[in-house]
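Undergrad:
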Amino acid sequence: MNKWENNRAWLLTIPVLIIVAFSAIIPLMTVVNYSVQDIFGPGQRIFVGTEMFRSVLHDYRLRDALWRQFLFSGLVLLIEMPLGVLIALAMPKKGWSVSLALVVLALPLLIPWNTIGTIWMIFTRPDIGLFGATINNVLGIPFDHTASPIDAWITLMLMEVWHWTPLVALLAYAGLRAIPDVYYQAAKIDGASPWATFRYIQLPKMRGVLTIALLLRFMDSFLIYAEPFVLTGGGPGNSTTFLSIYLVKLAVGQFDLGTAAAFSLIYFLIVEVLCFLFYQALQNVGKGANP
Amino acid sequence: MKKGRKKLIGLAIYFFLLLLPIYWMLNMSLRTNADILSVLTLYPANPTFENYLKIFTDSSWYSGYINSIIYVTINTLISLMVALPAAYAFSRYHFVGDKQVFFWLLTNRMAPAAVFLLPFFQLYSTIGLLDTHIAVALAHCLFNVPLAVWILEGFMSGIPREIDETAFIDGYSLPRFFITIFIPLIRAGVGVTAFFCFMFSWVELLFARTLTVTNAKPIAAVMTRTISATGLDWGLMAAAGMLTLVPGALVIWFVRNHLAKGFALGRV
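Residue numbers (my numbering), protein chains in the order written: chain A, 1 to 291; chain B, 292 to 559.
Structure, rendered in structure tokens:
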């Protein structure tokens, strides 16, 4: 779309810039400040340069947390994106059932994140949870997310998919609804199979919303904190200690501010670079599809 | 119509699984702690509202809900007010550095909350805003404002520019055009944006917990009180959890028609 050239439009963005600068730039500078000092207490600090960064890069627990985080986010995206699109395709298209389906679908999104953890902690407990008790007593498979790392992962994945697939589904549904009927009529006249309709009409038209869904899902799964904190506390052992959990352990638990700050900056950088790459890649895919 | 039925069954199974964990918490919230720990039943045999009564009569409990609602509302209002003009600038004008600023805004949405935890605590205690609703509301702007700009920009770009041009020729000033013509045109978009701001502010815990002590303590933090020396009070915890669902459920119910329409119209 053609836009007007006007540098005075900057003025309109000033409120946003002020508010975001206040809550992003000032704290970020504080983090940078922490990361180059060793802080023992109020007034006691020495400048250590890049030492913190070096110690972070050699921290094997951090590297483990990073791989764990990649595995988690990768699995989450692989399950949630296709499942969300499938649900969106199955959603009713008109009538009162649309409202009902949307409300039910959006429900998990509006539950505070630690309540999500609580719900699943209760639900999967072997003694009082429906899921845990069924698996243990009816199916006879020992399942305990507080003892077995694999069970903890299964529980977390179930929770994550339960929690966030609706977001992908809602966005994909929005994309589907935006496709004019004439496209479907044309497909019908051409005798296109449902798969061809999906592949050449619905999927390209959903590209925009799926980009948003993918970015949001990637960011939020990569930054996950409250749910595993409540559900497993990062355990058993360190098996579900993701990056945010490890970071908070460092900063608040051990009060190791310098290391935590250096780690924060690296963490932030990883997220931004990955998001930028995703964003660019998806933009280019789009350009290839509709020249 | 065999295919249609298969879809419907699939969707029904999905919704059943979606509601099951929530139902289980509802079930627990209607039972006493002793009852929960003694037997596993699919429905409460002797439903009791004891847990809910305790929450509604104890001010340290219910004030948590009030605090959460206050800062979520403030945050939604601030986010919308600052995001509307900025989104208009991004959707209508080319200016030096527009793409870079737009992406920079988005990067704040990606900032790990854990990174900003301590600096926020320092910043807000320095300016004396610690333990106030406004502190949490401002902190949540970090991720809500960029999101609001992003969503609104999508909706605004869907409105043809000729409408603006016609209005300016008719002698409308920019503010007057914006408020009397433009905002009503994108009200579905404003609704959807408000919904997302509300949602992300309501569910966030880390900032809300860190920046508050007692006066503005959110319900999510109050809930940790159920963990005491004698073990967990499961019934009370489940009841508190169920009540955190209510505002969200109310909000979706009110915007449900907007949501369908808004989703269909805009980019999001």
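We treat Cβ as the ideally placed atom computed from N, Cα and C, and that holds for glycine. A quick note: this is a predicted structure, and the numbers were derived from the prediction, not measured.
Return the Cβ separation of Ala226 of chain A and Gly117 of chain A in integer angstroms, given the expectation that the two are a contact with Cβ distance under 8 Å.
TA: Rounded, the Cβ-Cβ distance is 6 Å, consistent with contact.
Undergrad: To the nearest angstrom, report how far apart Asp461 of chain B and Gly445 of chain B are at their CA atoms.
TA: Their backbone Cα atoms lie some 26 Å apart in a straight line.
Undergrad: Alpha carbon to alpha carbon, what distance is there between Ile14 of chain A and Asp389 of chain B?
TA: Near 12 Å, if we compare the C-alpha coordinates of Ile14 of chain A and Asp389 of chain B.
Undergrad: Could you pull out every unbroken alpha helix (DSSP H) segment of at least 4 residues lying fully inside the region 103-163 of chain A, listed in chain order?
TA: Taking only runs of at least 4 residues, the alpha helix (DSSP H) segments lying wholly in the region 103-163 of chain A are 113-124 and 130-133.
Undergrad: Kindly identify the DSSP beta-bridge partner or partners of Tyr305 of chain B.
TA: DSSP, once it has assigned bridges, lists no residue as partnering Tyr305 of chain B.
Undergrad: DSSP three-state label for Gly288 of chain A, please.
TA: Per-residue confidence for Gly288 of chain A stands at a pLDDT of 47, beneath the threshold of 50, marking its modelled position as unreliable; the derived number appears in the next sentence. In this structure, Gly288 of chain A counts as helix in the three-state DSSP scheme.
Undergrad: Kindly indicate which residue of B:Leu465, B:Val440, B:Thr457 and B:Val504 has the alpha-carbon position closest to the one of Val481 of chain B.
TA: Val481 of chain B has its Cα closest to that of B:Val440, out of B:Leu465, B:Val440, B:Thr457 and B:Val504.
Undergrad: Considering only residues of the same chain and omitting the five flanking positions on each side of Leu527 of chain B, which have a CB-CB separation below 8 Å?
TA: The residues are Asn324, Asn342, Lys345, Ile346 and Thr517.
Undergrad: Taking Cβ to Cβ, would you say Asn7 of chain A is nearer than 8 Å to Phe386 of chain B?
TA: Closer than 8 Å, so yes.
Undergrad: Could you tell me if Leu71 of chain A is buried or exposed, where buried requires 16 or more neighbouring beta carbons within 10 angstroms of its beta carbon?
TA: By the neighbour-count rule (16 or more Cβ atoms within 10 Å), Leu71 of chain A is not buried but exposed.
Undergrad: Given that Asn506 of chain B touches chain A, what residues does it touch there, using C-beta distances under 7 Å?
TA: Those within 7 Å of Asn506 of chain B in chain A number zero; the least Cβ separation is about 19 Å.
Undergrad: Show which residues of chain A have a CB atom less than 8 Å away from the CB atom of Ile425 of chain B.
TA: Residues of chain A passing the Cβ test: none, with the nearest at roughly 12 Å.
Undergrad: Residues of chain B with CB under 7 Å from Tyr267 of chain A, in chain order?
TA: By Cβ distance, chain B contributes Pro403 and Val406.
Undergrad: Since Arg547 of chain B meets chain A, which of its residues come closer than 9 Å, beta carbon to beta carbon?
TA: Under the 9 Å cutoff, chain A gives Val98, Ser99, Leu100, Leu102, Val103 and Ala106.
Undergrad: Tell me, please, whether the CB atom of Pro180 of chain A is closer than 8 Å to any CB atom in chain B?
TA: Not closer than 8 Å to any Cβ of chain B, the Cβ of Pro180 of chain A fails to qualify, so no.
Undergrad: Counting pairs of beta carbons, one from the region 261-272 of chain A and one from the region 390-402 of chain B, are three or more of them closer than 8 Å?
TA: They touch, by the three-pair rule.
Undergrad: If contact means a Cβ-Cβ distance below 8 Å, which residues of the region 360-374 of chain B contact chain A?
TA: Going along the region 360-374 of chain B in chain order, one finds Ile369, Met372, Val373 and Ala374 with a Cβ nearer than 8 Å to chain A.
Undergrad: For Ile87 of chain A, collect the residues of the same chain with a Cβ closer than 6 Å to its Cβ; drop the 5 residues on either side in sequence, then sort them by chain order.
TA: Counting only Cβ-Cβ distances below 6 Å, and skipping sequence neighbours, we find Ala169.
Undergrad: Between the C-alpha atoms of Ser97 of chain A and Leu109 of chain A, what's the straight-line distance to the nearest angstrom?
TA: Each residue's Cα considered, the two are about 19 Å apart.
Undergrad: Once DSSP output is grouped into helix, strand and coil, what is the label at Leu502 of chain B?
TA: Three-state result, Leu502 of chain B: coil.
Undergrad: So Ala374 of chain B packs on Leu443 of chain B, CB below 8 Å; how close in whole Å?
TA: Between Leu443 of chain B and Ala374 of chain B the Cβ distance is about 6 Å, and since that is below 8 Å, they are a contact.
Undergrad: With distance defined between alpha-carbon atoms, name the residue in A:Leu107, A:Ala147 and A:Arg199 nearest to Pro126 of chain A.
TA: The shortest Cα separation from Pro126 of chain A among A:Leu107, A:Ala147 and A:Arg199 belongs to A:Ala147.
Undergrad: Could you name the residues of the region 67-80 of chain A whose beta carbon sits closer than 7 Å to any beta carbon of chain B, in the order they occur along the chain?
TA: Listed by position along the chain: nothing, the set is empty.
Undergrad: Tell me which same chain residues have a C-beta within less than 7 Å of the C-beta of Ser73 of chain A, skipping the five on either side of it?
TA: Around Ser73 of chain A: Phe218, Ser221 and Phe222.
Undergrad: Are there three or more Cβ pairs, one per stretch, closer than 8 Å when the region 232-239 of chain A is compared with the region 14-34 of chain A?
TA: No, the region 232-239 of chain A is not in contact with the region 14-34 of chain A.
Undergrad: What are the residues that DSSP puts in a beta bridge with Trp292 of chain A?
TA: Past the boundaries of the shown model lies residue 292 of chain A; chain A is included only from 1 to 291, so the question cannot be answered.
Undergrad: Beta-carbon of Glu160 of chain A versus every beta-carbon of chain B: anything under 8 Å?
TA: No, no contact with chain B.
Undergrad: Look at the Cβ atom of Trp120 of chain A, then the Cβ atom of Leu231 of chain A, and state whether they are nearer than 8 Å.
TA: Yes. Within cutoff.
Undergrad: For Tyr60 of chain A, count neighbouring C-beta atoms within 10 Å of its own C-beta (all shown protein chains included) and say buried if the count is 16 or more, exposed if not.
TA: That one is exposed.
Undergrad: Can you confirm whether Tyr463 of chain B, when its beta carbon is compared against all beta carbons of chain A, has any partner nearer than 8 Å?
TA: For Tyr463 of chain B, the answer is no, since every Cβ of chain A falls outside 8 Å of its Cβ.
Undergrad: So, do the region 201-210 of chain A and the region 142-162 of chain A have three or more beta carbon pairs nearer to each other than 8 Å?
TA: No, they do not touch.
Undergrad: Can you tell me whether DSSP reads Phe47 of chain A as helix, strand or coil?
TA: Three-state DSSP puts Phe47 of chain A in a strand.
Undergrad: Can you tell which of B:Leu328, B:Ile450 and B:Cys488 has its C-alpha closest to the C-alpha of Leu476 of chain B?
TA: Comparing Cα positions, the closest option is B:Ile450.
Undergrad: Does chain B have any CB closer than 8 Å to the CB of Tyr184 of chain A?
TA: No, no contact with chain B.
Undergrad: Can you tell me where the alpha helix (DSSP H) holding Lys345 of chain B begins and where it ends?
TA: Glu341 to Thr348 is the extent of the alpha helix (DSSP H) around Lys345 of chain B.
Undergrad: Taking CB distances under 8 Å as the criterion, tell me whether Gly532 of chain B reaches chain A.
TA: Gly532 of chain B counts as touching chain A.
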